[in-house]
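**Q** Position one of the sequence shown corresponds to residue 1 (UniProt numbering), numbered consecutively onward. Structure below; questions to follow.
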Amino acid sequence: MPPTAHDRRRRRRPPRDELRDAPGAGASVSVVVPVRDDAALLRRCLAALARQTVAPHEVIVVDNGSTDASAEVARAFGARVVAEPHVGIPAAAATGCDHATGEVIARLDADCVAPPDWIARIGRRFAVDPGLTGLTGPARFVDGPRALRLPLAALYVGAYRAVMVPTLGHTPLFGSNFAVRRSAWEAVSRDVHRFDDLMHDDMDLSMHLGAVHLDARRRFRFDRRLRMGMAMRAITGGGGGLRIRRGVHSVVAHWPEELPWKRWRRRLSAAVSESRDNGGRRRGGHG
């Protein structure tokens with residue numbers, strides 16, 4: 001009996017999770033955790049990293065001038081502690097990335113709780129996709145009213161993406177849950193605004209990588225299965241006005257060179273060039 005159109009569609013349809021049956025080992029993953037006076041939540045974060053189905057290559061905790069037991073907690077879990085005296089997440093995160101030795105650098109915050117497959121998923125994603133430069137994913141809150149945890153987190157991340165995708169011309173990295181190739185970090189590490197305390201480090205890194213390191217072959221991806229638990233204090237701890245001010249600053253500090261339409265024009269030009277190159281290779285293969 002010949003296959004029906006439905007059968008052919010089913011054969012073409014990719015699996016629900018393209019990593020499920022992918023062979024081979026994943027890329028080595030260094031984890032960077034900036035911390036300042038957050039010992040209790042850091043303990044929870046590191047305990048979750050210790051329960052990973054695939055162990056990270058290393059865990060680097062950047063002590064950003066803590067006066068509590070954050071550094072002692074990190075050492076108790078076997079993490080490498082690096083000091084960054086300049087107070088601010090941009091400086092702390094950049095210092096941690098500078099010290100990473102894995103093929104991939106994964107970033108989360110001290111109040112995050114990574115699910116057991118977080119490292120495994122990151123490592124496999126980068127191993128199976130040579131063109132993947134940056135990977136990010138959604139969040140869920142692990143505290144606060146239970147009924148509001150998932151919808152509020154979806155709104156929080158969704159609003160960020162709704163603003164930043166048009167601004168950047170590509171998927172933005174989300175600071176509590178992202179990973180980049182170490183080679184990509186090294187390409188922009190001297191350019192990031194690590195000592196600008198008003199800068200959101202994830203937006204700044206997204207800006208720089210999108211400006212010099214992304215084209216039709218190198219890209220960012222948003223993986224809905226790369227989930228991250230995080231504290232609800234991100235939206236209940238106050239400072240909303242400062243967060244917005246920092247967000248605006250993180251964008252306009254890169255203007256006029258990185259105005260949105262300039263970024264989109266570069267991305268589209270790269271895509272057209274790649275399409276032409278692919279067409280030329282196909283024609284050459286038939287000659």
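Note that CB positions come from ideal geometry on N, CA and C, so glycine has one too.
What are the boundary residues of the alpha helix (DSSP H) that F126 is part of?
**A** W118 to V128 is the extent of the alpha helix (DSSP H) around F126.
**Q** What whole-angstrom Cβ distance do G134 and L226 have, given they're in contact under 8 Å?
**A** That pair is no contact at about 12 Å.
**Q** Can you confirm whether the stretch 26 to 46 touches the stretch 66 to 75 when touching is taken to mean that 3 or more C-beta pairs between the two stretches lie within less than 8 Å?
**A** As far as the Cβ criterion goes, the stretch 66 to 75 touches the stretch 26 to 46, which means the pair count is three or higher.
**Q** Nearest to residue 309 by CA position, among L173, L108 and E186, is which residue?
**A** Outside the displayed range of the chain (1 to 287) lies residue 309, so it cannot be described from this structure.
**Q** DSSP three-state call for A83: helix, strand or coil?
**A** Strand at A83.
**Q** At which residues does the beta strand (DSSP E) containing P145 begin and terminate?
**A** Careful: P145 lies outside any beta strand (DSSP E) and carries neither H nor E.
**Q** Give me the Cα-Cα distance between D98 and G241, rounded to the nearest whole angstrom.
**A** Those two C-alpha atoms are separated by around 31 Å.
**Q** Could you check whether V142 and A48 sit closer than 7 Å to each other, using their CB atoms as the reference points?
**A** Cβ atoms of A48 and V142: not closer than 7 Å.
**Q** In the DSSP output, what is C112 paired with across the bridge?
**A** Paired residues: M230.
**Q** If distances are taken between C-alpha atoms only, which option among F178, A100 and Y156 comes closest to W118?
**A** Residue F178 is the option with its Cα nearest to W118.
**Q** Could you check where the beta strand (DSSP E) with A106 kicks off and where it finishes?
**A** V104 to R107 is the extent of the beta strand (DSSP E) around A106.
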